[in-house]
Structures are given as structure tokens and as C-alpha cells.
Amino acid sequence: MRPLFSLLIVYFSLSAWAQKSSHLIVGTYTGGGSKGIYVYDFNTANGSTQAVDSIATSNPSFVTFAPGKKFVYAVNEDGKGKGTGMVTAFSFDRKSGKLTQLNQQSSGGDHPCYITVDKTGKWVLVGNYSSGSLSVLPIQKDGSVGVATTTITHSGSSLNKDRQESAHVHATLLSADNKYLFVPDLGMDKVMVYRFNAQTGKLTETPNSVSLQPGSGPRHISFHPGGKWAYLTQEMAGTITAFSYSNGKLRPIQTINMLPADYKGAATVADIHVSPDGKYVYASNRDASNTIAIFRINQQTGKLSLVGHQSTLGRTPRNFNFDPSGNFLLAANQNTNDIEVFKVDHKTGKLTATDKAIAVFNPVCILFE
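Numbering (my numbering), first residue to last: 92 to 460.
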């Protein structure tokens, strides 16, 4: 009976893991020990991980799922001497966690750094940092990507002649209703707003684009789950701007500093996410700060108040994300080759370090199934 009993324990243990696990996909910069994209099982009960799969591809610095999560799309952040940047399509086996490359297409510019798929699953929208452009690529029936049907190149510059000598698209984020595309442009100090046609994939510029403080460098934007507010990191100013939002229109309501009070270095702000429960905003500071700034959201006004800062226990937290349970925040420390796992206190918004760190070379994007 003992062998049977042991087998039953193993079976129920594996079943419990499966019920509490979600696939974690990590995009990286290659050339420093990384081969491309890595897949893990992440236990949403205790924050532990198990390696599942990896696949070689060049500089997959941003990855995203299509609706249904059977396909994954990654940028290949190359360009200027290496040819144009690329978009790579993969099929994804949700049971095994295995990725299989389908094809690649040009991103329509240099150094693509952000990618999203529209709600219909018919279009990939990608932003090219160095060339200041964005493209729309059709998704074929087999999940592969076609040649871009639309490419828009921004034209403009701003105050900082070293960083803002030309347009630099840093994100392409669709509204929840799939009707508008928001494009923070670090080089122009603007958030461009386009009308998106999900039938044709066409983009039409609206009069709703927003100009930010010269030299601020808008980077990433995140919307409140209730849809009333949006929050934008400004990389070079070290600030977050809060907006009220309705029908493609952003109205600034607050700009707040996100650097620690005793920090004296340059601002290199990166990622931003609203917590799944809509109570807090989290945003990452890189370089010598290497912290996650935590803000409480006023549920009547959408304005922010500082809760505090959490060290990411490493260097250069370019990207971070919440697991599906919302109980853990994972921070990708690009320059210390690790992903730190933090426990989220839903009452205070504060983060507590765990002993569940993941060792991976040059992690720069965290995506959960």
C-alpha cells in the first residue's frame, strides 16, 4: 500500500500545482548570455517557479499574447546596421508551455520596443523607438504575421538635444474598447492618439493628442480598470502624469514626482502598472535608484498620493508585472540578471521581498498567461 500511497501524494501534489500555476513568459536582451524567450510555470499560491521552455530569437524585449493566448508576438529590437527591426510570431501550447516560431516580418522601423494585439486578434501594433514610427501588421489565420499594412512615422523633437533629437515611439497601447491607440513619444514629448479601425487596421490621427512638459520624455501609459483614469511615466522628468479619460480624450489632472526624496541622480523612469484591484499605481525607477514607486489612487478623483518606495534588490528594473492572482509583483532587473518576486499587501499597497528570485540573463519583459 505504501507505493500506492506515495503515488497518490505525488498525483495530488502535481494536481495542486497545476490548479495554482500560470505560465510566465520572459523577454530578454540577447548577446549577454540570453538566447531569447524563456517560459516558466509560476505558482500563484507561493510565488515559486519551474523552468518549462526557451526559444532562440534576437532581442525579444517586449512580448504579448493574442486573445485566447494561443499565439505570442515579440519584437526583435534590432536596427541601424543590423537591418530593420522585426516582429516574430509564435504558437503557444497552453498545456505544455512550449513556443514554436511561425514567422517573422519587418516592424517597419528600427529598434521596436513595444507590441500589442488588438481585441479582435486580427492586428499587431508595434512601436519603433529609433525611427519614431509605428506599424500595424495583419495576423493570418494560422497566427503568423503579414506585411505591415500601415506605417506612420512621427516627425518632431524637443528640449533635450541628446535624447530628443527626433521622434522616439515608446509604446502602443489600445483603449479597452479597441477604438483608440495611445502612443507616448519620448522624442516629441507627446502622447499621440489615433482612431483605430479594427476592420481594416487603419489608424487616423485625432485632435486628442496631448503635449507634455518639454524635456519630460513620456514613456509608458497604464489605464485604471474602471476606465476613468490613465497614468503616464515621464522617463526624463522622473514624474507620473495622471489623466481623466473618456472616449479617446485624456485630460491632465496631476503630475507627481516618483523618485525617492533623497535621490540625486538623473531620472530614468521606466514601466508603470495600475494594480488589478484599481487601488494603487506602481512605477519603476532605474539606474542608481532601482526602486518601485508605490502610489495610492484616490477613488473619487483619480489623483495619486505617495505610499513609498521598494528596492528591486537589483539593477535596472526596466519592466515589472503582476501575476494573475494579483498577490505577487515580479520586477525584471536587467543588469543583475534576475527577476525578484515580491508579495503584495492589498491593504497598504506595500511590497515584501520573497526568496523566490528567478535567475535569467538580461530580463526586460514579464508576461503572464
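The beta-carbon is built from N, C-alpha and C at its ideal position, and this holds for glycine as well.
Residue i - partner residues in DSSP beta bridges
i, result
"residue 266", "DSSP output for residue 266 lists no bridge partner at all."
"residue 118", "456"
"residue 342", "335"
"residue 390", "In DSSP, residue 390 forms no bridge with anything."
"residue 236", "230"
Secondary structure of residue i, DSSP reduced to three states
i, result
"residue 439", "coil"
"residue 97", "Because the pLDDT at residue 97 is just 43, under 50, the model does not fix this residue reliably, and the value given afterwards should be weighed accordingly. Residue 97: helix per DSSP, three-state reduction."
"residue 111", "helix"
"residue 426", "helix"
"residue 400", "strand"
"residue 301", "strand"
"residue 310", "strand"
"residue 226", "strand"
"residue 319", "coil"
"residue 325", "strand"
"residue 211", "coil"
"residue 258", "coil"
"residue 330", "strand"
"residue 451", "coil"
First and last residue of the uninterrupted beta strand (DSSP E) at residue i
i, result
"residue 194", "190-197"
"residue 72", "The chain is shown from 92 up to 460; residue 72 falls before or after that span and cannot be answered."
"residue 275", "271-276"
"residue 285", "281-287"
"residue 362", "360-365"
"residue 457", "454-459"
"residue 218", "214-219"
"residue 250", "Looking at the DSSP string, residue 250 is not in any beta strand (DSSP E), and its letter there is neither H nor E."
"residue 144", "140-147"
"residue 205", "203-208"
"residue 294", "294-296"
"residue 374", "371-376"
"residue 408", "408-413"
"residue 241", "241-244"
Per-residue burial, residue i [other beta carbons within 10 Å of its own, 16 or more giving buried]
i, result
"residue 106", "Bear in mind that the predicted position of residue 106 carries a pLDDT of just 39, short of 50, making it unreliable; the figure below should be weighed with that in mind. Classification for residue 106: exposed."
"residue 437", "exposed"
"residue 377", "buried"
"residue 384", "buried"
"residue 253", "exposed"
"residue 431", "buried"
"residue 191", "exposed"
"residue 355", "exposed"
"residue 97", "Because the pLDDT at residue 97 is just 43, under 50, the model does not fix this residue reliably, and the point stays unresolved."
"residue 93", "Low local confidence applies: a pLDDT of 47 at residue 93 is under 50, so the model's placement there is unreliable, with the coordinate-based value given in what follows. Flag for residue 93 reads exposed."
"residue 169", "buried"
Check your understanding: Which runs of the beta strand (DSSP E) spanning at least 3 residues fall entirely within the stretch 152-182, listed in chain order?
Key -> 154-156 and 162-167
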